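In the numbering used here, the protein residues as written are 6 to 260. From the three backbone atoms N, C-alpha and C, an ideal C-beta is built for every residue, glycine too. Please read all numbers here as calculations on a predicted model, not as lab measurements.
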Amino acid sequence: MSNILAHELIGHGPEKVMLMGGWLGDHTVFEPVYRWLDGEAFTWCFADPRGYGGSKHIAGKHTNAEVAADAVALADSLGWGKFHYVGHSMMGKAAQFIAAHNAGRVKSCVGVTPVPAIAIPMDEGTFKLFSTAWEVPANRGAICQITTGNRNTKVWEQRMIADSLRTTTPDAFREYFYMWQAEDFSADVQGCQTPFLAITGEHDAGVPTDAVKGTIMQWFPNAELHVMSNAGHYPMQETPIQFATVIDNFLRKRG
Numbered sequence: 006m007s008n009i010l011a012h013e014l015i016g017h018g019p020e021k022v023m024l025m026g027g028w029l030g031d032h033t034v035f036e037p038v039y040r041w042l043d044g045e046a047f048t049w050c051f052a053d054p055r056g057y058g059g060s061k062h063i064a065g066k067h068t069n070a071e072v073a074a075d076a077v078a079l080a081d082s083l084g085w086g087k088f089h090y091v092g093h094s095m096m097g098k099a100a101q102f103i104a105a106h107n108a109g110r111v112k113s114c115v116g117v118t119p120v121p122a123i124a125i126p127m128d129e130g131t132f133k134l135f136s137t138a139w140e141v142p143a144n145r146g147a148i149c150q151i152t153t154g155n156r157n158t159k160v161w162e163q164r165m166i167a168d169s170l171r172t173t174t175p176d177a178f179r180e181y182f183y184m185w186q187a188e189d190f191s192a193d194v195q196g197c198q199t200p201f202l203a204i205t206g207e208h209d210a211g212v213p214t215d216a217v218k219g220t221i222m223q224w225f226p227n228a229e230l231h232v233m234s235n236a237g238h239y240p241m242q243e244t245p246i247q248f249a250t251v252i253d254n255f256l257r258k259r260g
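Okay, here's the thing in structure tokens:
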């Protein structure tokens with residue numbers, strides 16, 4: 006059985022873009038954005054990492070290095086040369102790894118509410134909330150609400166819990182937590198020349214804008230920052246038209 010990541014393609018344009026969702030679930034987190042994408046200028050590839058969505062059957066180590074290698078392998082399988090990479094949350098951390106280690110393959114990288122490339126400090130209560138989320142489904146919903154400023158309906162929260170349980174395996178979900186929380190490759194990204202867009206959410210308590218300003222924006226000389234108004238950790242869900250517009254504008258400049 007192939008280890009090429011499962012994926013969904015939208016559009017047929019010359020600029021190639023690969024996107025991966027965050028910790029809570031697979032690529033379908035981006036579905037609210039689909040109808041606002043330019044399929045004439047871009048080909049959009051929404052990919053599932055090992056253990057998630059259509060890639061549930063693929064075992065793995067669930068590390069940033071593995072995500073990067075899998076992204077390049079998927080691009081190769083599609084016949085892509087250089088491409089743009091967009092990663093949400095933990096895959097925003099992977100975007101920094103790809104920018105530093107696969108600069109010859111990517112034109113630009115986008116981190117959407119991106120976890121910085123350091124080990125993330127957590128107090129005891131926060132660590133317990135996150136590190137037991139694979140055993141306690143309600144914790145996944147609490148994380149969604151906390152990271153969006155407790156502003157969204159309970160219906161959305163329950164849908165996010167259900168989607169997360171449906172699209173992730175327990176082992177992958179657990180191991181990806183340690184990938185984004187514990188891995189530190191910040192020394193590798195210092196001075197990285199790859200163009201990088203960091204999108205933060207105005208109401209994101211999980212990856213606040215100040216944390217990104219003190220890390221990613223200091224590390225990448227060619228970094229740009231966009232603070233998404235009226236959004237928290239899930240701008241593709243909360244403000245999909247604006248999200249698509251910001252991504253589109255950045256990629257066109259880097260195409």
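Uninterrupted alpha helix (DSSP H) stretches inside the segment 186-211 (no shorter than 4 residues): Unbroken alpha helix (DSSP H) runs of no fewer than 4 residues, entirely contained in the segment 186-211, are found at 191-194, following chain order.
Report back the beta-carbon spacing between M95 and M184 to the nearest angstrom; my notes put them in contact at under 8 angstroms. Taking the first residue of the sequence shown as 1, we reach residue 95 at position 90. Taking the first residue of the sequence shown as 1, we reach residue 184 at position 179. Contact holds; Cβ gap of about 6 angstroms.
Taking 8 angstroms as the threshold (C-beta atoms), are F88 and M241 in contact? For the purposes of this step, residue 241 is taken as the residue at position 236 of the sequence shown. For the purposes of this step, residue 88 is taken as the residue at position 83 of the sequence shown. No, the Cβ-Cβ distance between M241 and F88 is not below 8 angstroms.
Tell me the DSSP secondary structure of E229 in three-state form. Counting from 1 along the sequence shown, the entry for residue 229 is found at position 224. Reduced to three states, the DSSP call for E229 is strand.
Strand pairing of C114, partner residues [DSSP]: To locate residue 114, count along the sequence shown from 1; it is residue 109. Paired residue(s): Y90, F201.
Roughly how many angstroms lie between the CA atoms of T86 and V232, to the nearest whole one? Locating residue 86 in the sequence shown gives position 81, where the first residue counts as 1. Locating residue 232 in the sequence shown gives position 227, where the first residue counts as 1. As written in the sequence, residue 86 is Gly, which differs from the Thr given in the question. G86 and V232 have their C-alpha atoms some 31 angstroms from each other.
Taking the beta strand (DSSP E) that T214 belongs to, which residues open and close that run? The count along the sequence shown starts at 1 and reaches residue 214 at position 209. According to the DSSP assignment, T214 belongs to no beta strand (DSSP E) but to the alpha helix (DSSP H) extending over 214-218.
Looking only at DSSP bridge pairs, what is Y39 linked to? Within the sequence shown, the letter at position 34 stands for residue 39. In the DSSP output, where bridge partners are listed per residue, Y39 has none listed.
Hey, would you say T199 sits closer than 8 angstroms to A99, going by beta carbons? Working through the sequence shown from its first residue, we reach residue 199 at position 194. Working through the sequence shown from its first residue, we reach residue 99 at position 94. In this structure, T199 sits away from A99, with a CB-CB distance that is not shorter than 8 angstroms.
With distances taken from CA atoms, which of I63, F201, A236, D75 is nearest T269? Residue 269 is absent from the structure shown; the chain starts at 6 and stops at 260.
Would you mind listing the beta strand (DSSP E) stretches within the segment 53-83 that are 3+ residues and don't spill past its ends, in chain order? Listed in chain order, nothing qualifies, since the segment 53-83 has no complete beta strand (DSSP E) run of 3 or more residues.
Proximity winner among Y181, E229, C114, relative to T137 (alpha-carbon distances): Taking the sequence shown and counting its residues from 1, one reaches residue 137 at position 132. Closest by alpha carbon: Y181.
Endpoints, alpha helix (DSSP H) assigned at I15: As a working mapping, residue 15 is identified with position 10 in the sequence shown. Not the alpha helix (DSSP H): I15 falls in the beta strand (DSSP E), residues 12-15.
Cutoff 6 angstroms; reference D75; Cβ partners in own chain excluding five residues on either side: Here the question's residue 75 lines up with position 70 in the sequence shown. Correct list, in chain order: L10.
Extent of the continuous alpha helix (DSSP H) to which M95 belongs: The residue labelled residue 95 in the question sits at position 90 within the sequence shown. 95-106 is the extent of the alpha helix (DSSP H) around M95.
Since V251 is in the alpha helix (DSSP H), which residue starts that stretch and which ends it? As a first step, residue 251 must be located in the sequence shown, where it is residue number 246. Element bounds for V251: 245-259.
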